[in-house]
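As structure tokens, the structure follows; a few thoughts come after it.
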């Protein structure tokens, strides 16, 4: 059974955990040569699989100023859905909160391992022809996203955490509401689909990064399901129970 903390403990712990996550991501930055080399490998893989759609999508959207700003604001603000879902779970679905929060923590730990094992420059840095239009239009201070600075890892595109965050949101809503509000539960999956489109057109991620982000959520959920499975409960070691009025066989 997961221990439940009061909100005045939970909130500072989550904020501190997120800050530590960002600092740890920066600490495992292995530098540009490795990240660019890995990005080129991903580009070759996608070309071989005929899924290299980042540049055509990016170029197609440049002719539509409204789409540029819509996708830019979506990219910058979509992460706010994570605390919103956490707050909703804590208030309205407390029985599911601890489990889903821990899935989120497992995701972050696995992400750190992946970022260390496979640093990757995003398309906006490593692929010719990709325009980083969030930076050129400075949407919500996005121009700063191209400037190396302490505490930030700009070369951690694998996996796409934007896709992972929003997939977690959809998973949380789906598992919580599917029995009571199935239409709402199903519609939640539109969110990560939109996010996948946005991270492609903005040049922040490759298709492979998106798949890795989805896999990250799936693996984290599977790990937590396995850990919390009743089959893993250890036997108490006491004598077997018998029904009233029945003797234990000798």
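Residue numbers (UniProt numbering): 1 to 250.
Here a beta-carbon is modelled for each residue, glycine too, at the ideal position from N, C-alpha and C.
Neighbourhood of residue 170 by C-beta, 6 Å cutoff - its chain only, sequence neighbours within 5 removed: Residue 170 sits at position 170 when you count from the first residue of the chain shown. Closer than 6 Å at the Cβ level, and outside the excluded window around residue 170, lie 188, 189, 191 and 192.
Whole-angstrom C-beta distance between residue 206 and residue 46, which should lie under 8 Å: For the purposes of this step, residue 46 is taken as residue 46 along the chain shown, with counting starting at 1. For the purposes of this step, residue 206 is taken as residue 206 along the chain shown, with counting starting at 1. Contact between residue 46 and residue 206 holds: CB atoms are separated by about 6 Å, below the 8 Å threshold.
Local Cβ density within 10 Å of residue 141, reported as buried at 16 or more and exposed below that: Residue numbering aside, residue 141 sits at position 141 when the chain shown is read from its first letter. Residue burial annotation: residue 141 is exposed, with fewer than 16 other C-beta atoms found within 10 angstroms of its C-beta.
Nearest-angstrom beta carbon gap, residue 217 and residue 164 [assumed within contact, 8 Å]: Taking the first residue of the chain shown as 1, we reach residue 164 at position 164. Taking the first residue of the chain shown as 1, we reach residue 217 at position 217. That pair is a contact at about 6 Å.
Residue of 106, 7, 67 and 49 minimising C-alpha distance to residue 227: Along the chain shown, one-based indexing puts residue 227 at 227. Considering only alpha carbons, the answer is 106.
Beta-carbon gap between residue 57 and residue 200 smaller than 8 Å: As a first step, residue 57 is located in the chain shown; it is residue number 57 there, counting from the start. As a first step, residue 200 is located in the chain shown; it is residue number 200 there, counting from the start. Going by C-beta atoms, residue 57 is nearer than 8 Å to residue 200.
Distance, residue 204 Cα to residue 186 Cα: Counted from its first residue, the chain shown places residue 186 at position 186. Counted from its first residue, the chain shown places residue 204 at position 204. Their Cα atoms are separated by approximately 27 Å.
Distance between residue 23 and residue 83 (C-alpha atoms, nearest Å): Reading the chain shown from its first residue, position 83 is the one you call residue 83. Reading the chain shown from its first residue, position 23 is the one you call residue 23. The alpha-carbon atoms of residue 83 and residue 23 are separated by roughly 19 Å.
Endpoints, the alpha helix (DSSP H) within which residue 57 is located: Walking along the chain shown from the start, residue 57 turns up at place 57. Per DSSP, residue 57 belongs to the alpha helix (DSSP H) from 54-61.
Burial state of residue 130 (16 or more Cβ within 10 Å): Numbered from its first residue, the chain shown carries residue 130 at position 130. For residue 130, the number of other beta carbons within 10 angstroms of its own is at least 16, and it is reported as buried.
Segments of 4+ residues assigned as alpha helix (DSSP H) that fall wholly inside the segment 92-159: 94-117, 123-126 and 133-136
Proximity of residue 194 and residue 74 at Cβ, strictly below 8 Å: To locate residue 194, count along the chain shown from 1; it is residue 194. To locate residue 74, count along the chain shown from 1; it is residue 74. Yes, Cβ-Cβ distance for residue 194 and residue 74 is below 8 Å.
Residues of its chain near residue 97, where Cβ-Cβ distance is below 6 Å and the 5 sequence neighbours each way are ignored: Position 97 of the chain shown, counting from 1, holds the residue named residue 97. So the qualifying residues of the chain are 89 and 90.
Of the residues 134, 59, 167 and 64, the one placed nearest residue 76, counting alpha carbons only: By 1-based counting over the chain shown, the position of residue 76 is 76. Of 134, 59, 167 and 64, the residue nearest in Cα terms is 134.
Touch test, the segment 145-159 against the segment 112-125, Cβ-Cβ under 8 Å, three pairs minimum: yes
C-beta contact flag for residue 253 and residue 198 at 8 Å: Beyond the ends of the chain as shown, which are 1 and 250, falls residue 253; an answer cannot be given.
Nonlocal neighbours in the same chain, by C-beta distance under 8 Å from residue 62, ignoring five residues either side: For this step, residue 62 is matched to residue 62 along the chain shown. Excluding positions up to five away in sequence, the list reads 68, 131 and 133.
Buried versus exposed call for residue 213 [16 or more other C-beta atoms within 10 Å across all chains shown]: For the purposes of this step, residue 213 is identified with residue 213 of the chain shown, where counting begins at 1. Buried is the call here.
Residue 147 versus residue 126 - alpha carbon distance: Taking the chain shown and counting its residues from 1, one reaches residue 147 at position 147. Taking the chain shown and counting its residues from 1, one reaches residue 126 at position 126. Distance between the alpha carbons of residue 147 and residue 126 is about 15 Å.
Distance, residue 79 Cα to residue 29 Cα: Residue numbering aside, residue 29 sits at position 29 when the chain shown is read from its first letter. Residue numbering aside, residue 79 sits at position 79 when the chain shown is read from its first letter. Going by the C-alpha atoms only, they are around 22 Å apart.
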